[in-house]
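Student:
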Amino acid sequence: MTRPIFRFAPSPNGRLHLGHAYSALVNQDLAEAVDGRMLLRIEDIDTARCLPEFERGLMEDLAWLGLAWEEPVRRQSDHFDDYRAALERLIAEDIIYPAFMSRSEMRAHVAESESAGMPWPRDPDGAPLYPDIDRNLPALQRKARMEAGEPFSWRLDMQAALAAVSGRALDWQELGSGPDGETGCIEADPARWGDIVLARKDTPASYALCVTVDDAIQGVTHVVRGRDLFHATSVQRLLQELIGLPAPVYTHHDLIVGPDGRKLSKSAGDTALAALRAAGMTPRDIRRMVGLG
Ligand code: GLU
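Letter 144 of the sequence shown, counting from 1, is numbered 1242 in this note's numbering, and no numbers are missing.
Structure, rendered in structure tokens:
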């Protein structure tokens, strides 16, 4: 029988804190409980913010914590070709389009509409959905602007994508829970995210595309991560169906919050594992602090 495969997938854009420790340890505990394999994946697609010293730091912190992972470690920045291949497939299926609006043009467009009293639709993270202007561009205009070298991102035509998978089950098995206690078989609702970006001129692949492709390439069967990514799963399920990839089961776990009740950030100095270690804490203390006794 093949063994279940778990992964912990941090981004090296800062030092790891207690929230990461919790997620890594929950992954490891669940993997051990079912004799699963444990992978580490470095999500460094944002090459401007991800730094080699943070990657070294996170490996050091995780090893200190007692996390054991298989080698070689997959680093996303080494695999742009894999993401490009997935993107090409979606281009060929004509369900993604070049989006020319810059962030500031988009902000202005949304502000203008809202100042006229029209609330602009937002995604589950609160970001405004992409306007439909570029999606509706005549093909000739689209081609001319691309040929003229105008910068653009690739965005998913959400309606076309949903039509392409219509009739197929778009759900996932949730072994943890969502923000409203959702658990069990969850119906994915990717439409809430609108025309998501899949590649930008400065980042050749988005988080959603990379994570979907990587989980499949690495044969991940169990995705265990923070509840803040619960709604993002809807998009990943849609991409899996569009590209023809298997769906893992998902466990979204509690988030470790700071004294102010807010999610920890990478700049949360005193909850950084390196700072806690320097202050004399042991890995066992960390386990206790995150409630894993
Ligand atoms: N790289 C993501 C993060 O650090 C995690 C992605 C995932 O687990 O799917 O938040």
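By construction, the Cβ of each residue, glycine as well, lies at the ideal position given by its N, Cα and C atoms.
Taking 7 Å as the threshold (beta carbon to beta carbon), is residue 1306 in contact with chain E?
Tutor: Note that chain E does not occur in the displayed structure, where there is just one protein chain.
Student: By how many angstroms is the C-alpha of residue 1112 removed from the C-alpha of residue 1203?
Tutor: Translated into positions along the sequence shown, residue 1203 becomes position 105. Translated into positions along the sequence shown, residue 1112 becomes position 14. So the alpha carbons of these two residues sit roughly 30 Å apart.
Student: For the beta strand (DSSP E) containing residue 1251, name the first residue and the last one.
Tutor: Position 153 of the sequence shown, counted from the start, is the residue given in the question as residue 1251. Taken as a continuous stretch (DSSP letters only), the beta strand (DSSP E) holding residue 1251 covers 1251-1254.
Student: What are the start and end residues of each continuous beta strand (DSSP E) run of 3 or more residues lying completely inside the segment 1295-1352, in chain order?
Tutor: 1295-1297, 1320-1324 and 1347-1351
Student: State buried or exposed for residue 1382, treating a residue as buried only when at least 16 other CB atoms are found within 10 Å of its CB.
Tutor: Here residue 1382 is taken as the residue at index 284 of the sequence shown, counted from 1. So residue 1382 counts as exposed.
Student: Output the distance between the C-alpha atoms of residue 1325 and residue 1248, rounded to the nearest integer angstrom.
Tutor: On the sequence shown, position 227 is the one that residue 1325 refers to. On the sequence shown, position 150 is the one that residue 1248 refers to. One C-alpha to the other measures close to 38 Å.
Student: Expressed to the nearest angstrom, what Euclidean distance is found between the alpha-carbon atoms of residue 1348 and residue 1173?
Tutor: Stepping through the sequence shown from its first residue, residue 1348 is reached at position 250. Stepping through the sequence shown from its first residue, residue 1173 is reached at position 75. Taking the straight line from one Cα to the other gives about 22 Å.
Student: Could you compute how far the alpha carbon of residue 1270 sits from the alpha carbon of residue 1246?
Tutor: Working through the sequence shown from its first residue, we reach residue 1270 at position 172. Working through the sequence shown from its first residue, we reach residue 1246 at position 148. The straight-line gap from Cα to Cα measures roughly 42 Å.
Student: Count the C-beta pairs between the segment 1308-1318 and the segment 1370-1389 that are closer than 8 Å, then say yes if the count reaches three, no if not.
Tutor: Taking 8 Å as the limit for Cβ pairs, the verdict is that the segment 1370-1389 does not touch the segment 1308-1318.
Student: Specify the secondary structure class of residue 1282 as computed by DSSP and reduced to three states.
Tutor: Your numbering for residue 1282 matches position 184 in the sequence shown. Three-state result, residue 1282: strand.
Student: What do you reckon, is the C-beta of residue 1332 under 6 Å from a heavy atom of the ligand GLU?
Tutor: Against the sequence shown, residue 1332 aligns to sequence position 234. Not so, every heavy atom of the ligand GLU lies at least 6 Å from the Cβ.
Student: Our contact map puts residue 1372 next to residue 1155 with C-beta atoms below 8 Å; I'd like the distance itself, whole angstroms only.
Tutor: The residue you call residue 1372 lines up with position 274 of the sequence shown. The residue you call residue 1155 lines up with position 57 of the sequence shown. That belief holds up - the Cβ atoms of residue 1372 and residue 1155 are roughly 7 Å apart, short of 8 Å.
Student: When DSSP labels each residue in this structure, what does residue 1179 get in the three-state scheme?
Tutor: Taking the first residue of the sequence shown as 1, we reach residue 1179 at position 81. Residue state, collapsed to three classes: helix.
Student: Is it the case that the CB of residue 1108 approaches a heavy atom of the ligand GLU more closely than 6 Å?
Tutor: Stepping through the sequence shown from its first residue, residue 1108 is reached at position 10. Under cutoff, so the answer is yes.
Student: Give me the Cβ distance between residue 1313 and residue 1253, rounded to the nearest whole Å; I'm assuming they're in contact under 8 Å.
Tutor: On the sequence shown, residue 1313 is found 215 positions in, with the first residue counted as 1. On the sequence shown, residue 1253 is found 155 positions in, with the first residue counted as 1. So it is not a contact: roughly 22 Å between Cβ atoms.
Student: Beta carbon of residue 1173: closer than 6 Å to some heavy atom of the ligand FMN?
Tutor: Looking for the ligand FMN in the displayed structure turns up nothing; the ligands present are the ligand GLU.
Student: Taking 7 Å as the threshold (C-beta atoms), are residue 1133 and residue 1101 in contact?
Tutor: Taking the first residue of the sequence shown as 1, we reach residue 1101 at position 3. Taking the first residue of the sequence shown as 1, we reach residue 1133 at position 35. Contact: yes.
Student: If I follow the unbroken alpha helix (DSSP H) through residue 1150, where does it start and stop?
Tutor: If you number the sequence shown from 1, residue 1150 lands on position 52. Note, residue 1150: alpha helix (DSSP H), 1150-1163.
Student: Enumerate in chain order the residues of its own chain whose CB-to-CB distance from residue 1126 is below 7 Å, with the five nearest sequence positions on each side excluded.
Tutor: The residue you call residue 1126 lines up with position 28 of the sequence shown. Within the same chain, residue 1126 has close Cβ partners 1136 and 1165.
Student: Between which two residues does the alpha helix (DSSP H) holding residue 1374 run?
Tutor: Taking the sequence shown and counting its residues from 1, the one referred to as residue 1374 is at position 276. Per DSSP, residue 1374 belongs to the alpha helix (DSSP H) from 1371-1376.
Student: Strictly by DSSP, which residues pair up with residue 1268?
Tutor: Working through the sequence shown from its first residue, we reach residue 1268 at position 170. Its beta-bridge partners do not exist; DSSP assigns none.
Student: Which residues bound the beta strand (DSSP E) around residue 1197?
Tutor: In the sequence shown, the residue the question calls residue 1197 occupies position 99. That run of the beta strand (DSSP E) goes 1194-1197.
Student: Following the continuous alpha helix (DSSP H) through residue 1384, name the residue where it begins and the one where it ends.
Tutor: Looking up residue 1384 in the sequence shown gives position 286. Element bounds for residue 1384: 1381-1387.
Student: List in chain order: all unbroken alpha helix (DSSP H) runs of 4+ residues lying wholly within the segment 1180-1243.
Tutor: Uninterrupted alpha helix (DSSP H) stretches at least 4 residues long and entirely within the segment 1180-1243 occur at 1201-1213, given in chain order.
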